[in-house]
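Participant: Read top to bottom, the protein sequences are chains A and B.
Just so we're aligned: 7 in my numbering is position 7 of the first sequence, and the numbers increase by one with no gaps anywhere.
Just so we're aligned: 103 in my numbering is position 103 of the second sequence, and the numbers increase by one with no gaps anywhere.
The following block contains the structure, expressed as structure tokens.
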Amino acid sequence: DAGVIQSPRHEVTEMGQEVTLRCKPISGHNSLFWYRQTMMRGLELLIYFNNNVPIDDSGMPEDRFSAKMPNASFSTLKIQPSEPRDSAVYFCASSPLGGGAHEQYFGPGTRLTVT
Amino acid sequence: AQSVAQPEDQVNVAEGNPLTVKCTYSVSGNPYLFWYVQYPNRGLQFLLKYITGDNLVKGSYGFEAEFNKSQTSFHLKKPSALVSDSALYFCAVRDFKAAGNKLTFGGGTRVLVKP
């Protein structure tokens, strides 16, 4: 299996621009998680989906952030408009469903720089 | 609510010496506990987990962890550290009773193994 795939790996954009991050989970995994990692705040859960349905979006920092999962093999995290404080590494992770005993598998991350 | 603490920001150890990375947790029910490792510019990689059964769990790369219910701890250990073990280590917990399947991660402990 190719593992969790994220694109792009690096994104540099100017403040005010729209940014879309993409994720393809491992085939057969029913849960998908979006995280953000910064030096100041560490690893933060932004939102997660079970069976393509958003379950908990309490970590989404502002209305500028939105996430979708139109099907079992694709998810997007969008920031519109972007701000310099959004600069971070964004990780997508997936896991099988089933009582929460399963580990999550992380993608390589997207390093976002907003200037 | 579920929470996890990693009391040490950094652990320094000489190559060949034992390595311990501390983790304590808080849950209302029984815990599912996980350790992950993150190498520079990479996503988190699963090392090991405790779900039930034997309190001593063995994982990848020679790591093991001991679940101690009375002390609510799940410390990560390796008998003989390698320079290549230098990385960022995360402990995570999920409350068995909690709805949903999200993990709560600790702040991470940076391990530096010196030759």
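Built from N, CA and C at the ideal position, the CB exists for glycine as well.
Computed from a prediction, not measured in an experiment: that's the story for all the values here.
Give the straight-line distance between the Cα atoms of Asp56 of chain B and Arg64 of chain A, rounded to the nearest whole angstrom.
Facilitator: Here the sequence assigns Leu to residue 56 of chain B, which means Asp is not the residue at that position. Rounded to the nearest angstrom, the two C-alpha atoms are 45 Å apart.
Participant: State the DSSP-derived secondary structure class of Asp86 of chain A, mapped to helix, strand or coil.
Facilitator: It is helical.
Participant: Rounded C-beta distance between Phe63 of chain B and Lys78 of chain B? I'm assuming under 8 Å.
Facilitator: The Cβ separation is near 5 Å, so the contact holds.
Participant: I'd like to confirm the pairing. Which residues does DSSP put opposite Ala98 of chain B in its beta bridges?
Facilitator: Per DSSP, none; premise fails for Ala98 of chain B.
Participant: Could you check the C-alpha separation between His29 of chain A and Ala93 of chain A for me, to the nearest Å?
Facilitator: Each residue's alpha carbon lies about 10 Å from the other.
Participant: Quick one: measure Cβ to Cβ for Glu15 of chain B and Val83 of chain B, integer angstroms, because I've assumed they're closer than 8 Å.
Facilitator: Right, the Cβ-Cβ distance comes to about 5 Å (below 8 Å), so this counts as a contact.
Participant: With distances taken Cα to Cα, identify the nearest neighbour of Val27 of chain B among B:Ala92, B:Tyr61, B:Gly59, B:Lys58.
Facilitator: Selected option, being the one with the closest Cα: B:Ala92.
Participant: Is it the case that the Cβ atoms of Thr72 of chain B and Tyr89 of chain B are separated by a distance below 7 Å?
Facilitator: Not closer than 7 Å, so no.
Participant: Residues of chain B with a CB under 8 Å from the CB of Gly42 of chain A: which are they?
Facilitator: Those within 8 Å of Gly42 of chain A in chain B are Phe105, Gly107, Gly108.
Participant: Taking the runs of the beta strand (DSSP E) that are 3 residues or longer, which of them lie wholly in the segment 4-66 of chain B?
Facilitator: Whole beta strand (DSSP E) segments, 3+ residues: 10-14, 19-21, 24-26, 31-38, 44-50, 56-58.
Participant: Ignore the nearest five residues each way along the sequence and tell me which others in Val37 of chain B's own chain have a CB closer than 6 Å to its CB.
Facilitator: Excluding positions up to five away in sequence, the list reads Gln45, Leu47, Ala87, Tyr89.
Participant: Whole angstroms are fine: how far does the CA of Ser73 of chain A sit from the CA of Phe105 of chain B?
Facilitator: Each residue's Cα considered, the two are about 25 Å apart.
Participant: Does the beta-carbon of Leu103 of chain B have 16 or more other beta-carbons within 10 angstroms, so that it is buried, or is it exposed?
Facilitator: So Leu103 of chain B ends up on the buried side.
Participant: Which same chain residues, not among the five before or five after Lys49 of chain B, have their C-beta less than 6 Å away from its C-beta?
Facilitator: Excluding positions up to five away in sequence, the list reads Phe34.
Participant: If I follow the unbroken beta strand (DSSP E) through Asn30 of chain A, where does it start and stop?
Facilitator: First-last for Asn30 of chain A: undefined, no H or E at that position.
Participant: Is it a yes or a no for the segment 96-113 of chain A touching the segment 7-22 of chain B, going by three-plus beta-carbon pairs under 8 Å?
Facilitator: They do not touch, by the three-pair rule.
Participant: Look at the alpha carbon of Asn71 of chain A and the alpha carbon of Asn52 of chain A, and state the distance between them as a whole number of angstroms.
Facilitator: Rounded to whole angstroms, Asn71 of chain A to Asn52 of chain A spans 6 Å at the Cα level.
Participant: Would Phe74 of chain B and Ala65 of chain B qualify as a contact pair, given that the criterion is a beta-carbon distance under 7 Å?
Facilitator: Yes, the pair counts as a contact, with Cβ atoms nearer than the cut-off.
Participant: Chain A partners of Tyr61 of chain B, CB-CB under 9 Å?
Facilitator: Result: empty, since nearest Cβ-Cβ is about 15 Å, beyond 9 Å.
Participant: Comparing the C-beta of Phe65 of chain A with each C-beta of chain B, is any distance below 7 Å?
Facilitator: No, because no Cβ of chain B sits closer than 7 Å to the Cβ of Phe65 of chain A.
Participant: Using only the alpha-carbon positions, how far apart do Pro115 of chain B and Gly59 of chain B sit?
Facilitator: Taking the straight line joining both Cα atoms gives about 24 Å.
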